[in-house]
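Going by my numbering, the sequence shown opens with residue 47, and the numbers climb by one from there. What follows is a single structure, written as structure tokens, with notes after it.
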Amino acid sequence: MNVYGLNSKPTTSASTHSAHTKHFYFAMSINYVTQGLPAAPEISIKTVHMAGLRVDVYGLDELPPNVPVSCLWLLHPRTRSRETMNDIARRTIGAWGAHAGSNSKRGLIALAFDMPNHGTRRVSISANHPWSRGNPTHALDMFAMVKGGVLDMSGLMDLVSGYLGLEIDGHVCLGWSLGGHGAWQAFFGEKRIDAAVVIIGCPDFIGLMSGRAAGSKLDCGADFIGSKYFPKDLIDICSKHDPKAICFGTAPIPSSLSSAEQTRLRAILDERVKGKKLLLCSGGDDELVPYANTKEFSTLLKEAVGEKGWYRDGGLEVDDRVYEGIGHKFSPKMVEDAVQFLVNAVEKGPRGKAHVREGEKSVL
Numbered sequence: 047m048n049v050y051g052l053n054s055k056p057t058t059s060a061s062t063h064s065a066h067t068k069h070f071y072f073a074m075s076i077n078y079v080t081q082g083l084p085a086a087p088e089i090s091i092k093t094v095h096m097a098g099l100r101v102d103v104y105g106l107d108e109l110p111p112n113v114p115v116s117c118l119w120l121l122h123p124r125t126r127s128r129e130t131m132n133d134i135a136r137r138t139i140g141a142w143g144a145h146a147g148s149n150s151k152r153g154l155i156a157l158a159f160d161m162p163n164h165g166t167r168r169v170s171i172s173a174n175h176p177w178s179r180g181n182p183t184h185a186l187d188m189f190a191m192v193k194g195g196v197l198d199m200s201g202l203m204d205l206v207s208g209y210l211g212l213e214i215d216g217h218v219c220l221g222w223s224l225g226g227h228g229a230w231q232a233f234f235g236e237k238r239i240d241a242a243v244v245i246i247g248c249p250d251f252i253g254l255m256s257g258r259a260a261g262s263k264l265d266c267g268a269d270f271i272g273s274k275y276f277p278k279d280l281i282d283i284c285s286k287h288d289p290k291a292i293c294f295g296t297a298p299i300p301s302s303l304s305s306a307e308q309t310r311l312r313a314i315l316d317e318r319v320k321g322k323k324l325l326l327c328s329g330g331d332d333e334l335v336p337y338a339n340t341k342e343f344s345t346l347l348k349e350a351v352g353e354k355g356w357y358r359d360g361g362l363e364v365d366d367r368v369y370e371g372i373g374h375k376f377s378p379k380m381v382e383d384a385v386q387f388l389v390n391a392v393e394k395g396p397r398g399k400a401h402v403r404e405g406e407k408s409v410l
């Protein structure tokens, strides 16, 4: 058991070929269990080389013929690898199959790849360490991995239909810890994402790093923001990709919004998250990614889309759940809630028909 609450022992077996595509695959067998839940169902898994990345694709063999397909993109935690997402992939694909039945009009596959500097892509062990373990560029390294992973996902979304020979018209994602920060960024930055699950992730990278820096007692002078540990170029890139910074920069979130502020924020939400669905799963006792760093921004969104909110007509759905007594882990109840949310999101299908969304571009 480790800080992420998981045990995994990946093994590989002989290569196989899928009827869905002419590409060559490597089949994998992964032993991975979410503590406290029955074993995940057996689901097909094939590793496909796409755009220079090894991508584990779950559920190809279970697809019904000649139906549109939704992709579930899985972003893994820091210091882990794509194999860590085996359990949630199998549970979600299995739940979708049980829910949709044999006559389903939509298929679902799940895809996981190694985040930058992880798994088969690792180039520096120390770059995955925090300040407390002697890595002076922790904030730079972590944001680069988050942003890079989201960009990798968007690049794969551009090409996945061609690689797999499938009609793919819907995309959802789930990110865990490091990947959870990525899921927040994808939710705000990738227009093709219809729904996202954030597991112990944060929408406010500046706030998260500021708290972590205070606990690490860095020699950053009077201000951490703008110091060598969080330099200007990192501030600038946060303002383009991190949800809270996109909306408010380095300024605090105001306790109340003027009509002018609501109008300004409405334009941002319309461009980035209109009609999308979001599930947030946070540990009430999480000290690594405290819910306090999420609460202000999630509360703003929830109030905006509430019954009397100023963005109640935007079609945005926000489900913010805090699991009391849970630290920095993907708990069994989080797993169950995430699977149910994803099944419901896939059942509702893409926000628009394929011809309406054709040509829609990422704002990453």
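Glycine is no exception: its CB is placed at the ideal position from the N, C-alpha and C atoms.
Point to revise | Supposed contact pair residue 176 and residue 184 - C-beta distance, whole angstroms, cut 8 Å | key: Residue 184 sits at position 138 when you count from the first residue of the sequence shown. Residue 176 sits at position 130 when you count from the first residue of the sequence shown. Between residue 176 and residue 184 the Cβ distance is about 5 Å, and since that is below 8 Å, they are a contact.
Practice item. Rounded to whole angstroms, what's the CA-CA distance from residue 393 to residue 313? Just pull it up for me. Key: Your numbering for residue 393 matches position 347 in the sequence shown. Your numbering for residue 313 matches position 267 in the sequence shown. Those two C-alpha atoms are separated by around 28 Å.
Point to revise | Own chain partners of residue 131 with C-beta closer than 6 Å, once the 5 adjacent residues on each side are dropped | key: Within the sequence shown, residue 131 is the residue found at index 85, counting from 1. Contacts found: 120, 122 and 158.
Check your understanding: Ends of the alpha helix (DSSP H) at residue 284?
Key -> Residue 284 sits at position 238 when you count from the first residue of the sequence shown. Note, residue 284: alpha helix (DSSP H), 278 to 287.
Review point. Does the count of Cβ pairs from the segment 347 to 362 and the segment 253 to 261 closer than 8 Å reach three?
Key: no
Practice item. State the start and end residues of the unbroken beta strand (DSSP E) segment that holds residue 317. Key: To locate residue 317, count along the sequence shown from 1; it is residue 271. No beta strand (DSSP E) holds residue 317; the alpha helix (DSSP H) holding it covers 305 to 318.
Check your understanding: For residue 234, which residues of its own chain have a beta-carbon under 7 Å away from its beta-carbon, when the five flanking residues on both sides are left out?
Key -> Here residue 234 refers to the residue found at position 188 of the sequence shown. Excluding positions up to five away in sequence, the list reads 289, 292, 318 and 319.
Review point. What does residue 329 pair with, by DSSP beta-bridge criteria?
Key: Position 283 of the sequence shown, counted from the start, is the residue given in the question as residue 329. DSSP output for residue 329 lists 369 as bridge partner(s).
Practice item. Go ahead and pull the three-state DSSP assignment for residue 179. Key: Along the sequence shown, one-based indexing puts residue 179 at 133. It is helical.
Check your understanding: By Cβ distance, which residues of its chain are closer than 7 Å to residue 82, with the 5 residues on each side in sequence left out?
Key -> If you number the sequence shown from 1, residue 82 lands on position 36. Correct list, in chain order: 378.
Exercise for review: Along the alpha helix (DSSP H) that carries residue 130, what are the first and last residues, could you check?
Suggested key: Locating residue 130 in the sequence shown gives position 84, where the first residue counts as 1. That residue, residue 130, is in no alpha helix (DSSP H); it is neither H nor E in DSSP.
Practice item. Whole angstroms is fine: what's the gap from residue 12's alpha carbon to residue 264's? Key: Residue coverage of the chain in this structure runs from 47 to 410, which leaves residue 12 outside it and unanswerable.
Practice item. Would you kindly work out how many angstroms separate the C-alpha atoms of residue 154 and residue 200, rounded to a whole number? Key: Taking the first residue of the sequence shown as 1, we reach residue 154 at position 108. Taking the first residue of the sequence shown as 1, we reach residue 200 at position 154. Going by the C-alpha atoms only, they are around 18 Å apart.
Point to revise | Short Cβ contact (8 Å threshold) for residue 241 with residue 323 | key: Position 195 of the sequence shown holds residue 241. Position 277 of the sequence shown holds residue 323. Against a cut-off of 8 Å, the Cβ pair of residue 323 and residue 241 comes out as a contact.
Check your understanding: Residue range of the beta strand (DSSP E) that residue 245 falls in?
Key -> The residue you call residue 245 lines up with position 199 of the sequence shown. 239 to 245 is the extent of the beta strand (DSSP E) around residue 245.
Point to revise | At least 3 beta-carbon pairs within less than 8 Å: the segment 242 to 252 vs the segment 326 to 346 | key: yes
Review point. Run through DSSP, which three-state label would residue 199 get?
Key: The residue you call residue 199 lines up with position 153 of the sequence shown. Helix, per DSSP.
Point to revise | Where residue 364 sits in the DSSP three-state scheme | key: Position 318 of the sequence shown, counting from 1, holds the residue named residue 364. Residue 364 falls in the strand class under three-state DSSP.
**Study point:** Cβ-based neighbour list, residue 193, same chain, cut-off 6 Å, excluding 5 preceding and 5 following
**Key:** Looking up residue 193 in the sequence shown gives position 147. Contacts found: 287.
Point to revise | Buried versus exposed call for residue 232 [16 or more other C-beta atoms within 10 Å across all chains shown] | key: Position 186 of the sequence shown, counted from the first residue, corresponds to residue 232. Result: buried.
Exercise for review: To the nearest angstrom, report how far apart residue 302 and residue 142 are at their CA atoms.
Suggested key: By 1-based counting over the sequence shown, the position of residue 302 is 256. By 1-based counting over the sequence shown, the position of residue 142 is 96. For residue 302 and residue 142, the distance between alpha carbons rounds to 41 Å.
**Study point:** Exposure label - residue 396; buried when at least 16 CB within 10 Å
**Key:** For this step, residue 396 is matched to residue 350 along the sequence shown. Buried, by the Cβ-count rule.
Practice item. Just mark residue 171 as buried or exposed, buried being the case when its beta carbon has 16 or more other beta carbons within 10 Å. Key: Within the sequence shown, residue 171 is the residue found at index 125, counting from 1. Counting Cβ neighbours within 10 Å, residue 171 comes out exposed, since fewer than 16 surround it.
Practice item. Report, in whole angstroms, the separation of the C-beta atoms of residue 221 and residue 239, which I expect to be a contact under 8 Å. Key: Numbered from its first residue, the sequence shown carries residue 221 at position 175. Numbered from its first residue, the sequence shown carries residue 239 at position 193. The pair is not a contact, with the Cβ atoms about 11 Å apart (cut-off 8 Å).
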